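A.B. asks: What follows is a structure written as structure tokens; I'll ask about it next.
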Amino acid sequence: MKDKKRGFFRSIFRGLNLLRLIILNLIFFILLFLFIAGIYKYNDGTGKQKNTRITVYADSLLLINPAGRLTEKPDEFVWRNYLLSDTTSDAVLLSDITDALRHAAHDRRITGVLLDLTGLYGISTGHFTELKTALLEYKESNKPLYAFSTSYGLGRYYIASFADHIYLDPMGEVDLSGFYTESLFYGEMEHKLGVRWNVAHAGAFKSMAETYTRTEMSEGVRNNNLSVLKDLWHTYLQDIATNRAADANSFEAYTVNYNDALRKVNGNSAQAALDANLITDIGTYEECGVELGVLDEETYNLSSRDFINYNNYNKSFKKKETDNRIGVIYLTGSITGTTGNTADNADSPTLVDLFDEAADDDSIKAVVLRIDSGGGEVNASEDIRRSLDRLSKKIGKPVVVSMGDIAASGAYWIASSADYIFCSPYTITGSIGVFAVSPSIQKAVQEYFGIRADGVSVSGRMPYSIFRNPTDAEKTQSELEVMHTYSIFLDTVAQGRNLPRATVEELAQGKIYSGAQAKELQLADELGGFTDAVNYAATKAGIKETYSLKVLYKEPPVADEILKTLLAENARFYKTADLQVLHELFGLHSKKGFYVYTPIKAPTEER
4 MKDKKRGFFR
14 SIFRGLNLLR
24 LIILNLIFFI
34 LLFLFIAGIY
44 KYNDGTGKQK
54 NTRITVYADS
64 LLLINPAGRL
74 TEKPDEFVWR
84 NYLLSDTTSD
94 AVLLSDITDA
104 LRHAAHDRRI
114 TGVLLDLTGL
124 YGISTGHFTE
134 LKTALLEYKE
144 SNKPLYAFST
154 SYGLGRYYIA
164 SFADHIYLDP
174 MGEVDLSGFY
184 TESLFYGEME
194 HKLGVRWNVA
204 HAGAFKSMAE
214 TYTRTEMSEG
224 VRNNNLSVLK
234 DLWHTYLQDI
244 ATNRAADANS
254 FEAYTVNYND
264 ALRKVNGNSA
274 QAALDANLIT
284 DIGTYEECGV
294 ELGVLDEETY
304 NLSSRDFINY
314 NNYNKSFKKK
324 ETDNRIGVIY
334 LTGSITGTTG
344 NTADNADSPT
354 LVDLFDEAAD
364 DDSIKAVVLR
374 IDSGGGEVNA
384 SEDIRRSLDR
394 LSKKIGKPVV
404 VSMGDIAASG
414 AYWIASSADY
424 IFCSPYTITG
434 SIGVFAVSPS
444 IQKAVQEYFG
454 IRADGVSVSG
464 RMPYSIFRNP
474 TDAEKTQSEL
484 EVMHTYSIFL
494 DTVAQGRNLP
504 RATVEELAQG
514 KIYSGAQAKE
524 LQLADELGGF
534 TDAVNYAATK
544 AGIKETYSLK
554 VLYKEPPVAD
564 EILKTLLAEN
574 ARFYKTADLQ
584 VLHELFGLHS
594 KKGFYVYTPI
604 KAPTEER
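Going by the numbering used here, the residue at position 374 of the sequence shown is 377; the numbering climbs one at a time, nothing skipped.
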């Protein structure tokens, strides 16, 4: 009887185990099928993207209608695109827009371009130079350029200003509110919450240090920030005035006296923009389509004129692979020494590996380092700089830096060792200074929780503890080490830029500079964009034949990227613009708490 019972349960367990194996195998084969299907969705099984045949008809209108956040850095999460829907990503590649414009400039089949900018956001000043270069190349073809948006901010209007016809929705406005920057100050946290920030810094204008000790900007930092923003604003006004064949002063007057302009037209912001010569036409998207011959005047249905979307248009051009390549490395976000903090950080282990990859790849003849970073950890910045220096000086492959929005503090530490530096007139750079910061919550835990920390040390020195305030000896130690690091920073810049140390010391002190100012002060070599940097790198490497670009990046593990995709929406929820600086700083983990970082952000048009 017992044997029968035993056999009965054994049969049940075998059945359950078989069912378990069937379910697991079924899940495995489903995932395998999705994986293979994803690969064949994006390529032909040879490792190369499919060349889908795209037909471009004569007398076609090119529609450039990007929807999402403008970015320069290609999406590294390629496995997400294979396994999951790409709708979680709203990134719009800058190169997709500029490539389409350049192709259209020389394509007889394209007889006009419409820029529908309504869905584009995240346009920062660092994008302006590349956009300007591509738009001017298209303009040289003498083909008409049209722009439409339901409203224009600083970024969208900069792009639209190149157009021959600028359309604005009747309910829209042109908001040229000027450039500004702001910082959060934590100086009252000890009084309010019992949290003390212990700060040591080198550089009288090191703005990040004073955010912990003050309640507002110091006069020196305020004037420095204002000087740079005024320079950027002047450049912006000159650019759009040149594009509109108008006086820059009239556009500045529009910004300063905007309410007066609104009163004259009873609050009609679209009419105010038309009266100020900022736009050429007021009309809906459908009315714009009718004037361009794309939509029927009566029904708004598609008319006989052909048009093609810019994404499909770009696919009609095959990218040529060559034996001569320019490697492209992106350094974006806060510089940290640890991997896996956030996708927005530039971690030194990954970047060091990318420079090593460029050194080992014989097809890569030179490297362009594209920087958009306010700095970060000292040691991480130095690790990256050494890798750059090794590639340039030891391996003999030129390294050219292209500065985007911002390349300051630790990012400039790295850039200073490059063979050549390009910066945009809109770049914010400099901030040569160092600070150390560590919090202590001694007062908070004592007053609110009745907790006290105590201990003994055989040497009289104790390791850092968040539960006690630093001693005078510890403060002195921190100050001495910060000054030593600052001295290394000065020497690094002096050597890299071939400048007298005294000159660098005068330019340092944590001051920031616009790109134009940096060029004049020899902190950069030339004003120009990413394309200029690539062309210079090819010339420096002695490439006389056709060359191609190879973007170097580290592909994350599949599991990590699936998890990041699932958490993407939550990340968007907590990472608001107002908390961006905190988000970046808390992503840094310097063991000593030493940073070469600046909190200033480039002007960016959001939604």
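Quick reminder that beta carbons are idealized off the backbone N, C-alpha and C, glycines included.
Predicted, not measured: the structure shown is a model, and the values here were computed from it.
Quick test of the definition: if touching needs 3 or more C-beta pairs under 8 angstroms, does the stretch 325-334 touch the stretch 368-378?
C.D. replies: Taking 8 angstroms as the limit for Cβ pairs, the verdict is that the stretch 368-378 does touch the stretch 325-334.
A.B. asks: Mind checking N145: buried by the 16 CB within 10 Å criterion, or exposed?
C.D. replies: N145 is exposed by the Cβ-count criterion.
A.B. asks: Evaluate P606 with the Cβ neighbour count: other Cβ atoms within 10 Å of its Cβ, from every protein chain shown; 16 or more gives buried, anything less gives exposed.
C.D. replies: P606 comes out buried.
A.B. asks: From L235 to P466, what distance separates their C-alpha atoms?
C.D. replies: Roughly 45 angstroms separates the two Cα atoms.
A.B. asks: Rounded to a whole number of angstroms, what is the C-alpha to C-alpha distance between R389 and E484?
C.D. replies: R389 and E484: Cα-Cα distance of roughly 21 angstroms.
A.B. asks: Leaving out the 5 sequence neighbours to the left and right, which residues in its chain are closer than 6 angstroms to D309 when beta-carbon positions are compared?
C.D. replies: Same-chain partners within the cutoff: Y60 and S63.
A.B. asks: Exposed or buried, A527, counting other C-beta atoms within 10 Å across all chains shown (16 or more means buried)?
C.D. replies: Flag for A527 reads buried.
A.B. asks: In the DSSP assignment, the beta strand (DSSP E) including A275 goes from what residue to what residue?
C.D. replies: No beta strand (DSSP E) holds A275; the alpha helix (DSSP H) holding it covers S272 to D278.
A.B. asks: Out of N269, F131, A203 and G175, state which residue places its alpha-carbon closest to the alpha-carbon of T287.
C.D. replies: Closest option to T287, Cα to Cα, is G175.
A.B. asks: Taking contact to mean 3 or more Cβ pairs, one atom from each stretch, closer than 8 angstroms, check whether the stretch 228-246 and the stretch 510-519 are in contact.
C.D. replies: Short answer: they touch.
A.B. asks: Please state whether the Cβ-Cβ distance between E450 and G190 is less than 7 angstroms.
C.D. replies: In this structure, G190 does not lie closer than 7 angstroms to E450 by Cβ.
A.B. asks: Should V437 go down as buried or exposed, given a rule of 16 or more other Cβ atoms within 10 Å for buried?
C.D. replies: Flag for V437 reads buried.
A.B. asks: If you follow the alpha helix (DSSP H) that F208 is in, where does it begin and where does it stop?
C.D. replies: Segment: none, F208 is in no alpha helix (DSSP H) and carries neither H nor E.
A.B. asks: Pick out the complete alpha helix (DSSP H) segments inside the stretch 430-488, 4 residues or longer, and give them in chain order.
C.D. replies: Whole alpha helix (DSSP H) segments, 4+ residues: 445-452.
A.B. asks: Pick from Q525, I546, L357 and E222: whose alpha carbon is nearest that of Y3?
C.D. replies: Here the chain covers residues 4 to 610 and nothing more, so residue 3 does not appear.
A.B. asks: What are the start and end residues of each continuous beta strand (DSSP E) run of 3 or more residues lying completely inside the stretch 284-322, in chain order?
C.D. replies: Qualifying beta strand (DSSP E) stretches, in chain order: 310-312.
A.B. asks: Taking contact to mean 3 or more Cβ pairs, one atom from each stretch, closer than 8 angstroms, check whether the stretch 309-319 and the stretch 205-214 are in contact.
C.D. replies: Judged by Cβ distances under 8 angstroms, the stretch 309-319 makes no contact with the stretch 205-214, as fewer than three pairs qualify.
A.B. asks: Is the distance from the Cβ of L394 to the Cβ of V402 below 7 angstroms?
C.D. replies: Closer than 7 angstroms, so yes.
A.B. asks: Threshold first: 4 residues or longer. Then list the alpha helix (DSSP H) segments lying entirely within the stretch 316-381, N to C.
C.D. replies: List check, alpha helix (DSSP H) in window: 351-363.
A.B. asks: Which residues bound the alpha helix (DSSP H) around S420?
C.D. replies: Where S420 is concerned, there is no enclosing alpha helix (DSSP H), given that its DSSP letter is neither H nor E.
A.B. asks: Please classify E213 as buried or exposed, where buried requires at least 16 other C-beta atoms within 10 Å of its C-beta.
C.D. replies: The residue in question, E213, is buried, as its Cβ has 16 or more Cβ neighbours within 10 Å.
A.B. asks: Going by C-alpha distance, which of R199, A519 and T542 is nearest Y239?
C.D. replies: Closest by alpha carbon: A519.
A.B. asks: When you compare the CB positions of F470 and Q445, do they come within less than 7 angstroms of one another, or not?
C.D. replies: Yes, they are a contact pair.
A.B. asks: Look at the alpha carbon of L148 and the alpha carbon of E185, and state the distance between them as a whole number of angstroms.
C.D. replies: In a straight line, the C-alpha of L148 is about 36 angstroms away from that of E185.
A.B. asks: Can you give me the C-alpha to C-alpha distance between I338 and D350, rounded to a whole angstrom?
C.D. replies: Whole-angstrom Cα-Cα distance: 6 angstroms.
A.B. asks: Are A107 and I113 close, meaning C-beta to C-beta below 7 angstroms?
C.D. replies: The answer is yes: Cβ separation under 7 angstroms.
A.B. asks: Just how far apart, CA to CA, sit E294 and F131?
C.D. replies: One C-alpha to the other measures close to 28 angstroms.
A.B. asks: How many Å lie between G223 and Q480 at the Cα?
C.D. replies: Between G223 and Q480, the C-alpha separation is close to 27 angstroms.
A.B. asks: Return the residue from the list A476, D263, G453 and Y429 that minimises the CA-CA distance to S462.
C.D. replies: Comparing Cα-Cα distances from S462 to each of A476, D263, G453 and Y429, the minimum goes to A476.
A.B. asks: Would you tell me roughly how many angstroms separate the C-alpha atoms of N262 and A256, rounded to the nearest one?
C.D. replies: Near 11 angstroms, if we compare the C-alpha coordinates of A256 and N262.
A.B. asks: Sort out for me which residues DSSP pairs E529 with in a bridge.
C.D. replies: According to DSSP, E529 bridges with F425.
A.B. asks: Taking 7 angstroms as the threshold (C-beta atoms), are N348 and G340 in contact?
C.D. replies: No, they are not a contact pair.
A.B. asks: Touching or not, the stretch 416-432 and the stretch 124-139, by the rule of three or more beta carbon pairs under 8 angstroms?
C.D. replies: These segments touch.
A.B. asks: CA-CA distance, Y550 and D299?
C.D. replies: Their Cα atoms are separated by approximately 45 angstroms.
A.B. asks: Could you spell out the range, first to last residue, of the beta strand (DSSP E) harbouring Y149?
C.D. replies: L148 to S152 is the span of the beta strand (DSSP E), which, as asked, contains Y149.
A.B. asks: Identify the continuous beta strand (DSSP E) that holds L96 and give its terminal residues.
C.D. replies: First-last of the beta strand (DSSP E) with L96: A94 to L96.
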